[in-house]
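Residue numbers for the sequence shown follow the numbering used here, beginning at 111 and rising by one. All residues carry an ideal CB built from backbone N, CA and C; glycine is no exception. Report on one structure; see the data block that follows.
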Amino acid sequence: MSKPFMFEKPVGMRDTLPAYYQTKNKIRQRMKKEIDSWGYVPIETPALEYYDTVGTASAILDQQLFKLLDQQGNTLVLRPDMTAPIARVAASSLKDQAFPLRLSYHSPLFRAQQKEGGRPAEFEQMGVELVGDGTSSADGEVIALMAATLKKAGLQDFQIAIGHIGYVNALLLDVVGSEERADTLRRYLYEKNYVGFKQHVKSLPLSSIDEKRLLGLLQLRGGAEKLNDAQELVQNGDAAQALHDLHQLFDVLEAYGVSEHIKLDLNLVMHMSYYTGVVFEGYGSKLGFPLSSGGRYDELLQKFHRPARATGFGIRLDLLVEAVGETEGLPQQTCILFSKERRKEAIKEAAQLREDGRSVVLQDLQGVENVDELSEAYEEVYYFIGKKQGGSSHE
111 MSKPFMFEKP
121 VGMRDTLPAY
131 YQTKNKIRQR
141 MKKEIDSWGY
151 VPIETPALEY
161 YDTVGTASAI
171 LDQQLFKLLD
181 QQGNTLVLRP
191 DMTAPIARVA
201 ASSLKDQAFP
211 LRLSYHSPLF
221 RAQQKEGGRP
231 AEFEQMGVEL
241 VGDGTSSADG
251 EVIALMAATL
261 KKAGLQDFQI
271 AIGHIGYVNA
281 LLLDVVGSEE
291 RADTLRRYLY
301 EKNYVGFKQH
311 VKSLPLSSID
321 EKRLLGLLQL
331 RGGAEKLNDA
341 QELVQNGDAA
351 QALHDLHQLF
361 DVLEAYGVSE
371 HIKLDLNLVM
381 HMSYYTGVVF
391 EGYGSKLGFP
401 LSSGGRYDEL
411 LQKFHRPARA
421 TGFGIRLDLL
431 VEAVGETEGL
441 PQQTCILFSK
451 ERRKEAIKEA
461 AQLREDGRSV
471 VLQDLQGVEN
481 VDELSEAYEE
491 VYYFIGKKQG
501 GSSHE
């Protein structure tokens with residue numbers, strides 16, 4: 111294995127330079143203000159978690175986990191998502207607090223990537239978890255909050271695709287009869303490989319009616335009227351409950367006034383076994399892949415011995431910044447350039463300007479190679495140089 115070049119970073123790791131940081135931070139502050147205003151309280155969890163608890167409970171594939179050993183030989187993981195850590199906290203440190211809990215977070219997440227993939231292995235995510243409420247009102251609240259947060263961030267042109275894993279499971283099992291065969295079809299949907307789904311369906315020993323039912327699933331995208339088409343494909347109890355959930359959810363979203371951003375997509379499978387009900391993804395018009403996602407995960411909390419129904423969402427900050435398309439300049443700064451005999455005077459002036467809300471750089475003249483280049487980098491420059499005669503000069 112060759113030694114890394116001095117300036118190389120590990121696969122998927124990126125630097126955040128000042129201008130991009132300013133842009134991201136401005137968007138992040140707008141998002142936080144909106145989330146706070148809905149009554150969600152911030153929480154932080156450790157970057158390291160135990161593999162056997164949070165690692166295995168997370169929605170992230172095992173090969174994407176960063177694993178390491180502690181000094182006792184326990185396998186740890188760098189936090190791959192926030193939902194499982196928050197479930198752990200809700201079942202332990204917050205076990206005496208009554209449900210529902212409304213929690214928010216802003217955290218870096220870590221997911222190992224293939225070298226040729228070009229995807230970040232560390233990224234920031236902002237999101238919320240609504241724990242202990244199984245109603246359609248809760249599902250509608252987190253989706254409406256996600257829409258409001260995207261708008262406040264500066265993204266106006268976006269869509270949220272909504273599906274229901276209960277409906278997908280009900281249809282697949284009703285037609286193919288076994289979890290193993292349904293799992294194969296689910297994987298095609300999870301990978302958004304709809305051509306592969308069609309080819310696999312046509313290779314199965316099905317009646318023409320059942321083949322048509324499975325292929326009909328791919329047509330269930332659009333407005334709420336597609337729920338009627340969905341009812342024609344499967345009519346068992348689980349499917350009926352899923353469609354009832356979706357009808358109620360669309361009513362809630364209409365009440366929130368976000369229907370213009372909503373579309374139905376009953377092909378949506380975001381994880382093979384993690385989600386249990388309504389699922390959703392957010393898309394910006396400039397990106398061909400989701401920048402936010404979420405859904406209902408009613409079985410996760412019982413893994414931490416405090417059963418509760420829950421839902422939430424996460425927004426990828428890097429993808430959102432790209433979709434918004436803003437470029438924030440560096441903040442305007444004042445520079446005070448001083449020589450040593452006027453140091454105290456320069457420090458006093460800097461303190462006064464900072465008190466007035468200015469961003470001030472205090473620079474010793476001896477530490478500057480090219481005064482002209484330095485001066486061009488600042489909005490305003492004060493010179494405290496040489497013996498005091500008539501005060502400072504500035505330009």
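With residue i and residue j assumed to form a contact (beta carbons below 8 Å), what rounded beta-carbon distance in angstroms separates them?
i, j, result
"residue 220", "residue 189", "6 Å"
"residue 137", "residue 292", "Not a contact, Cβ separation roughly 40 Å."
"residue 246", "residue 359", "5 Å"
"residue 268", "residue 281", "About 28 Å; that fails the 8 Å criterion."
"residue 446", "residue 492", "5 Å"
"residue 133", "residue 438", "4 Å"
"residue 475", "residue 197", "With 8 Å as the limit, residue 475 and residue 197 do not qualify as a contact, their Cβ atoms being about 57 Å apart."
Just how far apart, CA to CA, sit residue i and residue j?
i, j, result
"residue 386", "residue 469", "50 Å"
"residue 248", "residue 383", "21 Å"
"residue 186", "residue 194", "14 Å"
"residue 179", "residue 126", "28 Å"
"residue 407", "residue 487", "51 Å"
"residue 200", "residue 427", "25 Å"
"residue 305", "residue 223", "25 Å"
"residue 155", "residue 211", "16 Å"
"residue 265", "residue 140", "12 Å"
"residue 161", "residue 177", "8 Å"
"residue 412", "residue 142", "29 Å"
"residue 295", "residue 342", "20 Å"
"residue 285", "residue 270", "29 Å"
"residue 175", "residue 165", "8 Å"
"residue 425", "residue 148", "16 Å"
"residue 146", "residue 440", "27 Å"
"residue 484", "residue 129", "18 Å"
"residue 274", "residue 308", "20 Å"
"residue 381", "residue 184", "27 Å"
"residue 181", "residue 230", "29 Å"
"residue 473", "residue 297", "60 Å"
"residue 467", "residue 490", "14 Å"
"residue 317", "residue 258", "46 Å"
"residue 334", "residue 353", "10 Å"
"residue 203", "residue 313", "51 Å"
"residue 429", "residue 323", "36 Å"
"residue 121", "residue 169", "22 Å"
"residue 351", "residue 442", "57 Å"
"residue 319", "residue 207", "51 Å"
Can you have a look at residue i and say buried or exposed, based on whether 16 or more other CB atoms are within 10 angstroms of its CB?
i, result
"residue 464", "exposed"
"residue 118", "exposed"
"residue 153", "buried"
"residue 419", "buried"
"residue 131", "exposed"
"residue 243", "buried"
"residue 151", "exposed"
"residue 459", "buried"
"residue 371", "buried"
"residue 159", "buried"
"residue 444", "buried"
"residue 498", "exposed"
"residue 402", "buried"
"residue 355", "buried"
"residue 235", "buried"
"residue 167", "buried"
"residue 171", "exposed"
"residue 124", "exposed"
"residue 452", "buried"
"residue 250", "buried"
Do residue i and residue j have their C-beta atoms closer together than 8 Å?
i, j, result
"residue 340", "residue 300", "no"
"residue 414", "residue 404", "no"
"residue 241", "residue 214", "no"
"residue 348", "residue 279", "yes"
"residue 217", "residue 192", "yes"
"residue 377", "residue 330", "yes"
"residue 448", "residue 494", "yes"
"residue 423", "residue 311", "no"
"residue 302", "residue 332", "no"
"residue 432", "residue 397", "yes"
"residue 363", "residue 254", "yes"
"residue 272", "residue 388", "yes"
"residue 357", "residue 327", "no"
If you measure from the CB of residue i, is any heavy atom of the ligand FAD nearer than 7 Å?
i, result
"residue 200", "Of the ligands one can find in the structure shown there are none, so the ligand FAD has no counterpart to examine."
_Segments of 3+ residues assigned as beta strand (DSSP E) that fall wholly inside the stretch 162-241_ = The qualifying runs are 177-179, 185-188, 211-220 and 232-241.
_Report the start-end ranges of each beta strand (DSSP E) in the stretch 234-295 that is 3 residues or longer and not cut off at the edges._
Complete beta strand (DSSP E) runs here, min 3: 268-274.
_Secondary structure, beta strand (DSSP E): runs of 3+ residues fully inside the stretch 416-504_ = DSSP runs (the beta strand (DSSP E)) wholly in the stretch 416-504: 420-426, 444-448, 470-474 and 490-494.
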